[in-house]
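FYI, the numbering for the sequence shown is 63 to 250, going by the numbering used here.
The next block holds one structure in the form of structure tokens; read it before the comments.
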Amino acid sequence: MNWLDIALLIFLLVGFWKGYLNGFFVELTSLIALVAAIYGSIHFSNFAGDWLMSNTEWDDSTITIASFIITFIVIILVVTYAGKLVTKLVKTVQLSFLNKIAGGAFGLVKLAFIASVILMFVNSAAGEIEIVDREIKEESIVYPYVEPVAPYLLPKILEEADELDRRIRGVEDDADSEKETVERDTIY
Numbered sequence: 063m064n065w066l067d068i069a070l071l072i073f074l075l076v077g078f079w080k081g082y083l084n085g086f087f088v089e090l091t092s093l094i095a096l097v098a099a100i101y102g103s104i105h106f107s108n109f110a111g112d113w114l115m116s117n118t119e120w121d122d123s124t125i126t127i128a129s130f131i132i133t134f135i136v137i138i139l140v141v142t143y144a145g146k147l148v149t150k151l152v153k154t155v156q157l158s159f160l161n162k163i164a165g166g167a168f169g170l171v172k173l174a175f176i177a178s179v180i181l182m183f184v185n186s187a188a189g190e191i192e193i194v195d196r197e198i199k200e201e202s203i204v205y206p207y208v209e210p211v212a213p214y215l216l217p218k219i220l221e222e223a224d225e226l227d228r229r230i231r232g233v234e235d236d237a238d239s240e241k242e243t244v245e246r247d248t249i250y
């Protein structure tokens, strides 16, 4: 076991411990909240922007930034609150221990993913600077298990995100075409 193993194990244990303390539902909703907040802020901050435009005298760039931040924070708060409500419900039906163990496992996987992304960047910089010696990576016990996590999951995550985006845009496109039809019928 070398220093890379120790660093990775500490990182993974922190993830497990944090996940165990929070429980599965809080860990899951924190991840969902982050993804939903980013997506929602990109696609729906125009509602907050419209409100800010009619209620403030800020310039367009300030409104754009503020509406993105406001939408981001609101989505994070709503989804996080929902996760805490689910956790309270789980406690009432006596599933707390299972929630904590699943939370620990989820926290471990989440930080394994983050560590793997960091390792991707470290390895891609290896052509210019060798941050971690090749020998240390080869001798590591934990590295071969953590390193392939992001390269395996990222394409699947991006594929699912594209599919979700297509579905949502398909619904928006259908709604837009219906609206155009109604407007055209009303005009004529």
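Cβ coordinates follow ideal geometry from the N, Cα and C atoms, glycine included.
Where residue i sits in the DSSP three-state scheme
i           : result
residue 85  : coil
residue 63  : coil
residue 120 : coil
residue 192 : coil
residue 103 : helix
residue 155 : coil
residue 204 : coil
residue 209 : coil
residue 167 : helix
residue 68  : helix
Close Cβ partners of residue i (< 6 Å) along its chain, the five nearest in sequence each way excluded
i           : result
residue 134 : 99, 103
residue 138 : 95, 99
residue 80  : 169
Beta-carbon separation (whole angstroms), residue i vs residue j, contact threshold 8 Å
i           : j           : result
residue 136 : residue 175 : That pair is no contact at about 26 Å.
residue 63  : residue 203 : 6 Å
residue 91  : residue 144 : 6 Å
residue 76  : residue 173 : 7 Å
residue 146 : residue 88  : 7 Å
residue 78  : residue 170 : 4 Å
residue 125 : residue 111 : 5 Å
Own chain residues within Cβ distance below 7 Å of residue i, not counting five before or after
i           : result
residue 106 : 133
residue 194 : 66, 184
residue 86  : 161, 164, 165, 168
residue 141 : 91, 94, 95, 98
Own chain, CB closer than 8 Å to residue i, minus 5 neighbours either side, in chain order
i           : result
residue 177 : 70, 73, 74, 208, 211
residue 83  : 162, 165
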